[in-house]
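Worksheet: the structure to be examined is printed underneath.
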Amino acid sequence: MVKTLNKVAFALTDSEHLDALSEMERKSPEAKDWILRNDVELWANAHFPGQRYGQMYSNLVESFNAWIKLARGLPILQMVETIRRQIMEMRGRRRTEAANWETTLCPTIEKVLAKIMFSTRQNSVIPSDGRLFEVVNGNKTYVVNISEWTCSCHKWQLLKIPCEHACVAIACSHKPLYDHVSPFYTTNTYRVAYEVTVNPINNNDMPCININDIQVKPPITKRLPGRPRKKRIPSRGEVEHIYICSKCKQEGHNRRTCRKPILQKDI
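Residue numbering for the sequence shown follows the working numbering, starting at 411 and increasing by one per position.
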């Protein structure tokens, strides 16, 4: 079911999205009804109105949390200072690396675009008016509008990098390919993002404090009336697991605690 859900979420076009929904309905109508109760514009590629450049996960947040894992265990001042130094070192290193780049796009995007260009050999293009093009790939055709940066496969709109169909259309129009890539992917934009420095802090005139001597005492708490809560608070939208008895097929208990009388066929 997870694979089917990914198909629904990652589908690029309306037809692919509907096909994936139909597949999910055949497997579990309840699952389809559940996902459609959530705003489809927030999680489905085919209907997302904004620009997220193909990012569907919170991997950036998870990576940052792992990056500051050691700092998170320190007292608040030391934690902030450690993170500041990490950011200062990271920005300085990336600024130095970007200064040596000689490509129009960032190296990673150059590789992505080169891979896309390699696959364009399977396409043939038919120009319409210098703005619209029909691209044929096997038994499928795609409509490309190079002035609006759109392709009927929807990849160009999603990634802001010309898809293979857009690449052959742009080549047919004799226009620069790099002019049809989002400026956020360019080396100049990357350099601008890291040109502002994180200034070092001078503390040589401050008293030296040994972190090992610092004791962080627990806060003063007031015991509330009643039995202390041990069960964790579920996250928003989290669905509680429902037990289903394998004997009577009812919810809320298992076979061991089932109170249904034992029938002859169950023996």
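Every residue, glycine too, gets a C-beta built ideally from N, C-alpha and C.
Tell me the DSSP secondary structure of residue i in three-state form.
i, result
"residue 458", "coil"
"residue 534", "strand"
"residue 631", "coil"
"residue 596", "strand"
"residue 465", "coil"
"residue 616", "coil"
"residue 591", "coil"
"residue 636", "coil"
"residue 510", "coil"
For residue i, write down the residues that DSSP places opposite it in a beta bridge.
i, result
"residue 550", "547"
"residue 520", "For residue 520, which the question treats as bridged, DSSP gives no partner whatsoever."
"residue 661", "654"
"residue 561", "554"
"residue 542", "555"
"residue 515", "596"
Who are the Cβ neighbours of residue i in its own chain at under 7 Å, not counting the five residues just before and after it?
i, result
"residue 482", "489"
"residue 580", "556, 572, 587 and 590"
"residue 654", "661"
"residue 441", "411 and 434"
Among the options, which one has its Cα closest to the Cα of residue i?
i, options, result
"residue 380", "484, 668 and 658", "This structure gives no information on residue 380, because the portion of the chain shown stretches from 411 to 677."
"residue 597", "574, 454 and 509", "509"
"residue 514", "421, 470 and 593", "593"
"residue 565", "669, 462, 618 and 475", "462"
Near residue i, what residues of its chain come up, given a Cβ to Cβ distance below 6 Å and the 5 sequence neighbours on each side ignored?
i, result
"residue 607", "none"
"residue 494", "none"
Check whether the Cβ of residue i sits closer than 7 Å to any heavy atom of the ligand GDP, and report yes or no.
i, result
"residue 465", "In terms of ligand content, the structure shown is empty, and the ligand GDP therefore cannot be addressed."
Measuring only between beta-carbons, confirm whether residue i sits less than 8 Å from chain C.
i, result
"residue 464", "Absent from the structure is chain C; it holds one protein chain and no more."
Any chance the segment 522-535 sits against the segment 563-572, with 3 or more Cβ pairs inside 8 Å? Yes: the two stretches touch, three or more of their Cβ pairs being nearer than 8 Å.
Sufficient close CB pairs (3 or more, under 8 Å) joining the segment 450-465 to the segment 422-432: Judged by Cβ distances under 8 Å, the segment 450-465 makes contact with the segment 422-432, as three or more pairs qualify.
Would you call the segment 523-537 in contact with the segment 610-630, where contact means no fewer than 3 C-beta pairs closer than 8 Å? Segments in contact, no.
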